[in-house]
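Inspection log for the structure reproduced underneath, given as structure tokens.
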Amino acid sequence: MQNENIIKGQGAQRNVNNRFDRYTFEPEDDDFETIKTSFTEVFPKSIVNQVKSDDLPMEYSMNPYQGCEHGCSYCFARPTHEYWGYSAGIDFERKIMVKKNAPELLEKFFQKRGYQPSPILLSGNTDCYQPAERQFEITRKILQVCLDYRHPVHVLTKNALVIRDIDILKPLAEQNLVSVSLSIPTINEELRRKMEPRTSSAKNKLKAIEILSENEIPVNVMVAPIIPGLNSNEPLTILKAISEAGAQGFGYTLVRLNDSVEPVFVNWIENAFPDRAQKVLNLIRSMRGGKLGEKKFFDRQKGEGNIAEMIHNTFKIGRKKFFDGKEFPKLSAKNFTGTKDQQLRLFD
């Protein structure tokens, strides 16, 4: 049963207080229905971020957009919007900051003297193929820079729009310079529309895996997040589907609701699933030591208790059953020279 008053097409049902603001303004409920997405160009001085989290495998990430229209209530990136003076609630989904100078900044980064190339994750925070990308094409231009400089890049997205750029991804893959990870937390379309209302359908994501695989572009899938009581019964079904579509590997995470993500998610689930909201929240607490969030490195990935252990064991079974013998390739930076020149550098 779903609350009839839920605002369709977005995860956050209202703005939540910004931790850094002394005063807050809350529109009337009717106003939330009419809020439209706005885009603001910002001018960062750099685009590549060094990843300092010990439990994450990448060294660098970059994000052409701040905020994300996809509307996932559980998105860990929501609190970052507060640093810009916005709310982690509806503002995160409707006030999108656009970094049009990202390709030029990336090129300058590649040209830095002494830079040692390492795969960059695109994106590590907000989705690089969110709906705004259809209009601005910043991600496409970034991929072209990576191809020009022969620099390895991992792409992470929830959107099948990624196949638009097959013409760039394919030559990148031919030089072992790219992999694509699609986020698929559910293949139940009714649940998908509630969990991630403005992403591609599960059917289109699976089709994207097929198309990428047919073009010999390595595909990984993030089955994330697993939310007990919502999609925790799906891992084996998802792993079977993505393996048959051509995925070469997968990862997964357990839901964690840190800082201002918590009130957004709690409000969402109470509206979207009022009949089981408290059960889901209690199951999450059982994995997080009585809390809804967890920030400690490594602990935030594995959780604790019987529910977390059951989920881990399910993925172990799925890996053995559907991905035995499959190996996800490592990207290569051997042809990067810091220039567009195709001649390899012989001397530094």
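Using full-length UniProt numbering, you'd call the opening residue of the sequence shown number 1 and step up by one each time.
Cβ coordinates follow ideal geometry from the N, Cα and C atoms, glycine included.
Among the residues of its own chain, which have a CB less than 6 Å from the CB of residue i, if the five just before and after it don't count?
i    : result
S181 : L156, N220, M222
S332 : N176
S286 : G305, I307
A277 : I269, E270
H312 : none
N49  : S61
With a threshold of 8 Å on Cβ separation, who are the neighbours of residue i within its own chain once the five nearest residues in sequence on each side are excluded?
i    : result
E189 : S201, A202, K203
V178 : L143, C146, P152, V153, H154, V155, L169, L172, I217, P218, L331
K291 : R285
V280 : I227, P228, G229, L230, I269, F273
N215 : I166, L169, K170, A173
G289 : E304
V51  : M58, E59, Y60, S61, L121, G124
Y86  : N18, G67, F92, K95
How about residue i and residue j: are their beta carbons less than 8 Å apart?
i    : j    : result
L230 : L254 : no
L161 : V153 : no
L147 : I166 : no
A245 : I209 : yes
M62  : S118 : no
F273 : A132 : no
G318 : P235 : yes
R113 : T37  : no
G251 : F323 : no
F136 : K108 : no
Nearest to residue i by CA position, among the options, is which residue?
i           : options                : result
N258        : C72, N335, S53, R78    : R78
R164        : P119, I211, L177       : I211
I47         : S183, S73, Q66, A102   : A102
S53         : D299, S38, K316        : D299
K302        : Q116, N215, P225, G85  : P225
E104        : K141, K316, P57        : K141
I120        : M58, E327, D341        : M58
R134        : L106, T80, V98         : V98
M310        : S232, K100, I242       : S232
K91         : S260, E137, F136, N271 : Before going on, a small fix: residue 91 reads as Asp here, not Lys. It is S260.
F315        : K240, Y129, S213, Y83  : K240
residue 349 : K296, F297, V266       : The structure shown does not extend to residue 349, since the chain is modelled only from 1 to 348, so the question has no answer here.
P44         : L56, W84, F76, V51     : W84
residue 349 : S87, Y60, T80, Y86     : There is no way to answer for residue 349, as the model of the chain reaches only from 1 to 348.
L56         : H312, G325, N313, F297 : F297
A247        : S213, Q278, A277       : S213
Quick one: residues in its chain with C-beta nearer than 7 Å to the C-beta of residue i, no 5 flanking neighbours on either side, listed in chain order?
i    : result
F110 : Y149, H151, G338
K340 : D148, Y149
R198 : G9, E69, H70, G71, P131
S243 : F322, F323
For residue i, count neighbouring Cβ atoms within 10 angstroms of its own Cβ and tell me buried if that reaches 16, exposed if not.
i    : result
N15  : buried
P329 : exposed
V42  : exposed
E262 : buried
K158 : buried
E28  : Its pLDDT being 49, under 50, E28 is placed unreliably in this model, and the value from its coordinates should be taken loosely. Exposed, because fewer than 16 other Cβ atoms sit within 10 Å of the Cβ of E28.
L106 : buried
L206 : buried
Y74  : buried
F336 : buried
Y129 : buried
F76  : buried
K321 : exposed
K334 : exposed
K194 : buried
E327 : exposed
F347 : Note that F347 scores 42 on pLDDT, short of 50, meaning its location in the model is unreliable; the coordinates nonetheless yield the value given after this. The residue in question, F347, is exposed, as its Cβ has fewer than 16 Cβ neighbours within 10 Å.
What is the C-beta distance between residue i and residue j, in whole angstroms, given that I count them as a contact (C-beta under 8 Å)?
i    : j    : result
E196 : R256 : Not a contact, Cβ separation roughly 17 Å.
T126 : C68  : 4 Å
D187 : P228 : Per the sequence shown, the amino acid found at residue 187 is Ile instead of Asp. Contact doesn't hold; Cβ gap of about 18 Å is too wide.
I96  : Y65  : 6 Å
V264 : G89  : 5 Å
I238 : I184 : 6 Å
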